[in-house]
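**Q**
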Amino acid sequence: MGTHKLEMPFIFLLTCLCYLAPVHQAEPPNVTISDLSYKNMDFAMNLYRKISSHHDNNVFFSPLSISTSFAALLMASGGVTHQEILRVLNLEQLESAAQPQLIPRLFQLLQENIAQNGSLKLDQNMALFVRQQVEVRNVFEDNLRTFFHADVKSVDFADTKGSVSYVNEYIRQKTQDKITEMISSLDETTQLLLINSIFFRGAWQSPFNSDLTRDAPFYIDNYNILQVPMMVKEDKFYTAEDIPLGARLLKLPYQEGVSMLILLPNKGIDYTVIDDEISAEKFLSWVKDLRKTRLEVNMPKFKMAEEYSLQHLLPDMGMTNLFGSSANLTHLSMEPGLKISEVLHKAVVEVDETGTTAAASTTIGIIPYSLPRMFVINRPFFFFIYHEVTNCLLFMGRVINPSSN
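In terms of mature numbering (1 follows the signal peptide of the UniProt record, and there is no 0), the sequence shown is residues -26 to -1, 1 to 379.
(1) Straight-line CA distance for Ser253 to Ala132?
(2) I'd like the span of the alpha helix (DSSP H) that includes Glu143, first residue to last.
(3) Rounded to whole angstroms, what is the Cα-Cα separation between Leu48 and Asn302?
(4) Rank Arg79, Gly52 and Phe356 by C-alpha distance to the C-alpha of Asp250 and give the top, closest one.
(5) Please look up how many angstroms separate the CB atoms of Ser171 and Asn87, rounded, as I've assumed it's under 8 Å.
(6) What three-state label does DSSP hand Ala18 in the structure shown?
(7) If you follow the beta strand (DSSP E) that Met205 is in, where does it begin and where does it stop?
(8) How long is the line joining the alpha carbons of residue 380 and Leu223, rounded to whole angstroms?
(9) Just mark Met348 as buried or exposed, buried being the case when its beta carbon has 16 or more other beta carbons within 10 Å.
(10) Name the residue from Ser137, Phe121 and Gln165 whose alpha carbon lies nearest to the alpha carbon of Ser158.
(11) Which term fits Ala332, buried or exposed, when burial requires 16 or more other beta carbons within 10 angstroms of its beta carbon?
(12) From Ala279 to Val325, what does the alpha carbon distance come to, in whole angstroms?
(13) Is Ala89 near Leu96, with beta carbons less than 9 Å apart?
(14) Could you tell me whether the Cβ atoms of Met273 and Ile359 are closer together than 9 Å?
(15) Is it the case that the Cβ atoms of Ile169 and Leu84 are separated by a distance below 9 Å?
(16) Ignore the nearest five residues each way along the sequence and tell me which others in Leu65's own chain have a CB closer than 7 Å to its CB.
(17) In angstroms with no decimal places, state the Cα-to-Cα distance between Met370 and Trp260.
(18) Based on the DSSP secondary-structure assignment, which residues constitute the bridge partners of Asp125?
(19) Determine which residues share a DSSP beta bridge with Ala190 and list them.
(20) Using a Cβ-Cβ cutoff of less than 7 Å, which residues in the same chain neighbour Asn295 once the five nearest sequence positions on both sides are dropped?
(21) Given a cut-off of 9 Å, decide if Gln106 and Val129 are closer than it, judged by their beta-carbon atoms.
(22) On a Cα-Cα basis, can you pick out the residue from Leu200, Pro37 and Asp116 that is closest to Ser378?
(23) Ignore the nearest five residues each way along the sequence and tell me which others in Gln82's own chain have a CB closer than 6 Å to its CB.
(24) Would you mind sorting Leu186 into buried or exposed? The rule is 16 or more other CB atoms within 10 Å of its CB.
(25) Give me, in chain order, the residues of the same chain whose beta-carbon lies closer than 6 Å to that of Tyr245; leave out the 5 immediate sequence neighbours on both sides.
(26) In whole angstroms, what separates the C-alpha of Asn117 from that of Leu60?
(27) Return the bridge partner residues of Leu60 from the DSSP annotation.
(28) According to DSSP, simplified to helix, strand and coil, what is Thr337?
(29) Please identify the residue among Thr42, Gly242 and Asp30 whose C-alpha is closest to the C-alpha of Ile374.
(30) Do Asp209 and Arg265 count as a contact pair if the criterion is CB distance below 9 Å?
(31) Take Ser41 and list the residues in its own chain whose beta-carbon comes closer than 7 Å to its own, dropping the five residues that flank it on each side.
(32) My output table needs one value for Leu367: the three-state DSSP class, helix, strand or coil.
(33) Taking all protein chains shown into account, do 16 or more other C-beta atoms lie within 10 angstroms of the C-beta of Glu327, making it buried, or fewer, making it exposed?
(34) Just grab the DSSP bridge partners of Ala221 for me.
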């Protein structure tokens, strides 16, 4: 049987600027990429809560894409701006005055570790689009290329139509046509755009049989019931139960060291209660306590396209200076008055029988889950797509309505 491939692109666009200090290629002392993954995961959970607090709809985004982009902004920033980015990303404990490149270097090592499996289709690309009149510091440009393999491109933003077309074409190529219109307009006064795209293509280790897929009820709540295509498979799966949380876990592995972990609240448990409880510590305990058992899994097919203007969310998390007139981005350029005007993140995901297509407490009370024999995902659930070796959270989401695109 041939391998079924699906794609998953996630785009992060930033209207912004950046800096770095000189490069010293030293290995990080007493800090590992596991520490970075853990910090990124906690940031992801905090950002998820902020996004979900604004609505009761589907949620989907790439923590890795967002964190990587702001790691580049760390190199561009100084003073209060720098400290706020560190604090919101939960990276203060990883900052080293003796090694100013420590955090970018950790991101570089994380990317290299993930890419070690040559068969894993996970491409992340970054580009800085700079207004023709803005002079970027050589040190920053060199470090951006060294740590993030980023392109630096000069753009005539005064030609708004041409610059929109140029940026969208770049994103279209990087996401293999999954996102064709990232931006619809640009202000002619735009000075910098930082764009990060991440593209994942995954095939299930054990695909679902499409001949068994049939319509079945999905209970959004007690009053809203949908008929959705429900995939079915009986096999041995890694599962667990978090009794205090009132939820069950199911791992669905892809073929290349990446897995999807599904968190399904028990019947009668409000998913908004679980919103407040998920954390990096919880996630690692779930993964640790998974045990293999034979189950029949019923899972809805779903597809989502979500877009977030993070400049409206991040100030509530403590990142305000970056978006104001006092922003300190002098490590990127000596140009006065540079600030971030927009942070746009767009993510697309599709899950079907063959895999995923898209352009993410203590052990007490967590027990191996073996009964019942059925694992029926017929109500709102959470999912996390992660790299198993590093526990790096690539994507995460919440499905309230699997038929909503």
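From the three backbone atoms N, C-alpha and C, an ideal C-beta is built for every residue, glycine too.
**A** In brief:
(1) Each residue's alpha carbon lies about 44 Å from the other.
(2) Per DSSP, Glu143 is one residue of the alpha helix (DSSP H) stretching across Thr134 to Lys148.
(3) Rounded to whole angstroms, Leu48 to Asn302 spans 11 Å at the Cα level.
(4) From the listed residues Arg79, Gly52 and Phe356, the smallest Cα separation to Asp250 is found for Phe356.
(5) Not confirmed; about 20 Å, so no contact.
(6) Of the three classes helix, strand and coil, the one that applies to Ala18 here is helix, per DSSP.
(7) Met205 -> beta strand (DSSP E) spans Ile199 to Asp216.
(8) The displayed coordinates of the chain run from -26 to 379. Any statement about residue 380 would go beyond what the structure contains.
(9) Label assigned to Met348: exposed.
(10) Selected option, being the one with the closest Cα: Ser137.
(11) Unreliable placement is indicated for Ala332, whose pLDDT of 42 sits below 50; the coordinate value is still reported in the next sentence. Answer is buried; the Cβ neighbour count reaches 16.
(12) CA-CA distance, Ala279 to Val325, rounds to 12 Å.
(13) Yes, the pair counts as a contact, with Cβ atoms nearer than the cut-off.
(14) No; because the gap between Cβ atoms is not below 9 Å, this pair is not in contact.
(15) Their beta carbons are not under 9 Å apart, which means Ile169 does not touch Leu84 by this criterion.
(16) Contacts found: Lys13 and Ile77.
(17) Each residue's Cα considered, the two are about 15 Å apart.
(18) Paired residues: Ala101.
(19) DSSP lists Val202 as partners of Ala190.
(20) Val54, Thr55, Glu58 and Ala301, listed in sequence order.
(21) Going by beta carbons, Val129 and Gln106 fall inside the 9 Å limit.
(22) The shortest CA-to-CA distance from Ser378 to any of Leu200, Pro37 and Asp116 is the one to Leu200.
(23) Counting only Cβ-Cβ distances below 6 Å, and skipping sequence neighbours, we find Phe121.
(24) The residue is exposed, with fewer than 16 neighbouring Cβ atoms inside 10 Å.
(25) The answer, listed in chain order, is Pro239 and Pro354.
(26) Taking the straight line joining both Cα atoms gives about 18 Å.
(27) Bridge partners of Leu60: none, in fact.
(28) Any reading at Thr337 is ruled out, since the residue's pLDDT is 25, under 50, leaving its predicted position unreliable.
(29) Nearest in C-alpha terms to Ile374, of all of Thr42, Gly242 and Asp30, is Asp30.
(30) Cβ distance not < 9 Å, so Arg265 and Asp209 don't count as in contact.
(31) The answer, listed in chain order, is Asn14, Phe17 and Leu63.
(32) Secondary structure of Leu367 (DSSP, three-state): strand.
(33) The residue is buried, with at least 16 neighbouring Cβ atoms inside 10 Å.
(34) The bridge partners DSSP lists for Ala221 are Asp216 and Pro239.
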